[in-house]
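Remarks on the structure that follows.
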Amino acid sequence: MNAQLAIAIDGPAGAGKSVFGAALASALQAICIDSGIVYRAVTWIAITRGLDPDHDATLGPVAASMNLQIIPPTVQDGRQFTILIDGEDVTWELRTPDIDRTVSRPSALPGVRSAVTEQLRHLARGARVVMVGRDIGTVVLPDADVKFYVTATPETRARRRADELHARGQEAVVADILRSIIERDARDSGRVTAPLRPADDAIHLETDNLTVDAEVAFALDVVQRTLRSANALETNDV
2 MNAQLAIAID
12 GPAGAGKSVF
22 GAALASALQA
32 ICIDSGIVYR
42 AVTWIAITRG
52 LDPDHDATLG
62 PVAASMNLQI
72 IPPTVQDGRQ
82 FTILIDGEDV
92 TWELRTPDID
102 RTVSRPSALP
112 GVRSAVTEQL
122 RHLARGARVV
132 MVGRDIGTVV
142 LPDADVKFYV
152 TATPETRARR
162 RADELHARGQ
172 EAVVADILRS
182 IIERDARDSG
192 RVTAPLRPAD
202 DAIHLETDNL
212 TVDAEVAFAL
222 DVVQRTLRSA
232 NALETNDV
C-alpha cells in the first residue's frame, strides 16, 4: 500500500467509529486520530475553567493554542490512547456524561471548528492516517482516499455507551443516554457550520449487528480495491 494514505470515518455519537477506526488503523499500520477527542478537550477546558461553552471568541483561541497530546496508552485500563492536556492525563475525564452533554456546543462554534480543522489537517499531512469524526470526509479531509459513514440505531448506541460507563464503574441509565443521543444528533445535524452528514462519496456501514472484526474486514477490502483502482489509473496515465 501507499506510504501516504488518508481514511475518513464519520458518523453520529456512539456508532462505534472510534473502535472501528482504531482497529482499521492497526490493520493498515496507520495513525488513528479521533477528532472528537480534540473537541472534548476544548469542552473539558471550558468546564474546568468556568468558561462559557457557547462563547466562540473565548474558545476559538483555546482550541488553537491548547497543549494537547495524544500518545500510546500509558495505563492498561481499556483505553485506546492516552490524552494529556498540559501534561495531565485526562483520558477518562473526557468521556464523562457532563462532557457528553456539553461537547456539541463548542463543536458548533465556527472559530473552534476552524482551529481544530487546521490542527487535524496538519496531523494528517504526509502521513498514513485513519481520522474519525463528524465532518472529516466533508470538511477536514475532503480528498481522503476512502470515506466511511458509520451508523447504528440510537437504541444500540445508547446501550453501548451505558455498557462502556458500567465497565468503568460509573452509573448509567440507558433511557437518559438515549435522550441525550437523540438531542445531540439533532444539534449536530442542524448546526450551520459543518453539520453532521455523510460525504457524497462515503461508503455507509451500519454496525448494529456487526463485530469489529467484520467491520475491519469489509473496510480493508474496500481500501485495497480503491487503491488498486487508483494505481491502475496512474499507470495508464504514464
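In our numbering, the protein residues as written are 2 to 239.
Every residue gets a Cβ at the ideal spot worked out from N, C-alpha and C, and that includes glycine.
Proximal residues to residue i (C-beta, below 6 Å), its chain only, five neighbours per side dropped
i	result
A220	L25
A153	A16, T208, D209
S230	none
T75	T83
H205	Y150
G12	K18, Y150, V151, T152
V217	A24, L25, A28
Cut-off 8 Å between Cβ atoms - residues of its own chain near residue i, not counting five sequence neighbours on either side
i	result
P54	T44, A47, I48, L60, T103, R106, P107
V239	Its pLDDT being 48, under 50, V239 is placed unreliably by the model, and nothing is read from it.
P73	F82, T83
L52	I46, T59, L60, V63
Close beta carbons around residue i, own chain, < 7 Å, minus the five adjacent residues each side
i	result
I100	R41, T44, W45
D1	Any property of residue 1 remains undetermined from this structure, which presents the chain solely from 2 to 239.
L95	I38, R41, A42, W45, I84
T227	D146, V147
D181	Rather than Asp, the amino acid found at residue 181 in this sequence is Ser. Taken in chain order, the residues that qualify are D101, R102.
G127	Q5
Residues bridged to residue i [DSSP beta-bridge criterion]
i	result
K148	A9
L85	Q70, D90
G134	D11
I34	M132
Contact belief for residue i with residue j at Cβ below 8 Å, rounded distance in angstroms
i	j	result
V113	A64	5 Å
V117	S36	7 Å
F21	V223	Not a contact, Cβ separation roughly 13 Å.
A31	L6	6 Å
V175	A159	5 Å
A109	R192	4 Å
Heavy atom of the ligand NAD within 8 Å of residue i beta-carbon
i	result
R129	The ligand NAD is absent from the structure shown, which contains no ligands of any kind.
Count the C-beta pairs between the stretch 183 to 200 and the stretch 163 to 172 that are closer than 8 Å, then say yes if the count reaches three, no if not. no
Taking contact to mean at least 3 C-beta pairs separated by less than 8 Å, is the stretch 129 to 144 in contact with the stretch 191 to 204? yes
Identify every run of the alpha helix (DSSP H) within the stretch 152 to 212, keeping only runs that are complete inside it and at least 4 residues long; order them along the chain. 155 to 168, 175 to 191
Note down, one range per segment and in chain order, each alpha helix (DSSP H) of at least 4 residues found wholly within the stretch 37 to 69. 57 to 66
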